[in-house]
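Protein sequences appear in the order of chains A and B. The first sequence runs 1 to 177 under my numbering. The second sequence runs 1 to 155 under my numbering. We treat Cβ as the ideally placed atom computed from N, Cα and C, and that holds for glycine. Take a look at the structure below.
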Amino acid sequence: MSKTLTITISKDAVIESIKGDTSITGNIDRSADPVKNAGVAYNEQAGNDAYHEKKIDRLVKTAISKFEAEIAEFTDGSINDTATTDPDTHLTTITITMSVSDRYNAGLAKPLGGLAQSYIVNMALFGWWTSIKPDFAKGFATMAADAIVYVRKCFAKNSPGTSTSSYDDVTGTVTNN
Amino acid sequence: MTITFSDIRSAIKRHLSIIGKRLYSKDGQNMFSNITVSSNEDPIFNQYISAAAQNVEALLRQLVSTYSVVADTSISITLTNTRGTTDYDTRCGELIKSYITLLSTGEYLAMTHPDIAEKYRADAASAIQSLLSYAFYKEPPTTVGDPSAATASVS
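Below, the structure written as structure tokens:
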């Protein structure tokens, strides 16, 4: 028996977090010299030019794929997601569904959603800054790696169910093959 | 925004009129007729205005989506900042007109009154800096998603 684990993330919130974070950094750089750095900040701040949006979509999609690869060992079946980079398909939520063991501890499901979102945002930000400020980008990779440590802890198993037969019942013949 | 040459020329002429009325030569002659220009000298201003507008286009190239010229009459520039302020078009238009007026006045005065021209050139440099800073300003992203909505469930 397997269970289905469904992780639901607001795509809008993920994209807003990426834009918001880059907006803060851009404004810090801008404040150092509002004239000389005006164009620098404009280009650092993600969105809303069409080619920025495409890059963000691609980074989010890649981050989701990486996330799935990170948790792949915990599935006993398949992993699917609804993420798309098709600009005509605007999704407000992304769901990742995976088949897990029926001993999966559901008590840890809810924090898993928040951690998945944190990983995806930080991994996308790592991708955004890698081509602009490689050293600065590393901080986001560290945060994404930190989220994965806790994601893995969310895949705890419950204790096995109690057997209906007593240990003493087992006699010479093995019947539960 | 559209920059109409006649508007800029009239602004330049007002500057020159103020200077002329208050300026006297060493022998006590009022400089009004010396500094102000007649309408048949307009083409020289058209040249200054076009050059100044091209400076704006070059500096803001990334944001310029259209740039069209009606010779000696007007120049239309469309700036696109996808997260610009709500009054972006008006504010940038004012700064551009101010820059073009100041630079053109300075260019004209530089031929005969370089000392006065310096003030206009400095003002034009300041105006273009304000324009650069304002045109590239990107507003924070709008709030659309709820980060706390992320969750997971098992069925």
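- Restricting attention to B:A11, B:D115 and B:I77, the CA atom closest to the CA of V69 of chain B is found in B:I77.
- The region 40–116 of chain A contains, as complete alpha helix (DSSP H) runs of 4+ residues, the segments 50–71 (chain order).
- Listed along the chain, the chain A residues whose CB falls inside 8 Å of the CB of K13 of chain B amount to none; the nearest CB is some 30 Å away.
- Around the beta carbon of I148 of chain A, 16 or more other beta carbons lie within 10 angstroms, which makes this residue buried.
- Think of a sphere of 7 Å around the beta carbon of L132 of chain B: the chain A residues whose beta carbon falls inside it are V35 and A38, in chain order.
- Contacts with chain B at 8 Å (Cβ-Cβ) do not include T25 of chain A.
- Taking a 10 Å sphere around the C-beta of I18 of chain B, we find fewer than 16 other C-beta atoms and assign the residue as exposed.
- Under the Cβ criterion of 8 Å, F136 of chain B is counted among the residues facing chain A.
- When C-beta atoms of the region 7–27 of chain B are compared with those of the region 38–51 of chain B, three or more pairs fall below 8 Å, so the two segments count as touching.
- About 6 Å separates the Cβ atoms of Y134 of chain B and R91 of chain B, confirming a contact at the 8 Å cut-off.
- The beta carbon of T66 of chain B sits closer than 8 Å to the beta carbons of S76, I77 and T78 from its chain, once the five residues preceding and following it are set aside; these are given in chain order.
- In terms of Cβ geometry, D81 of chain A and I94 of chain A form a close pair [threshold 8 Å].
- Straight across, the Cα-Cα distance linking N40 of chain B with Y24 of chain B is about 25 Å.
- The three-state secondary structure of V56 of chain B, taken from DSSP, is helix.
- Identification of chain B residues near N158 of chain A by a Cβ-Cβ cut-off of 8 Å yields none; the smallest Cβ-Cβ distance measures about 11 Å.
- In the structure shown, the three-state DSSP call for I75 of chain B is strand.
- In this structure the region 43–62 of chain A touches the region 6–26 of chain A; the number of beta carbon pairs closer than 8 Å is three or more.
- Annotation for I132 of chain A: no alpha helix (DSSP H) segment contains it, and DSSP assigns it neither H nor E.
- For A152 of chain B, the enclosing beta strand (DSSP E) stretches over residues T151 to V154.
- Membership of T142 of chain B in any beta strand (DSSP E) is not indicated, and neither H nor E is assigned to it by DSSP.
- Under the 8 Å criterion on CB atoms, D135 of chain A is classed as non-interfacial with respect to chain B.
- Between K13 of chain B and F32 of chain B, the alpha-carbon positions lie close to 11 Å from each other.
- In the structure shown, the three-state DSSP call for L109 of chain B is helix.
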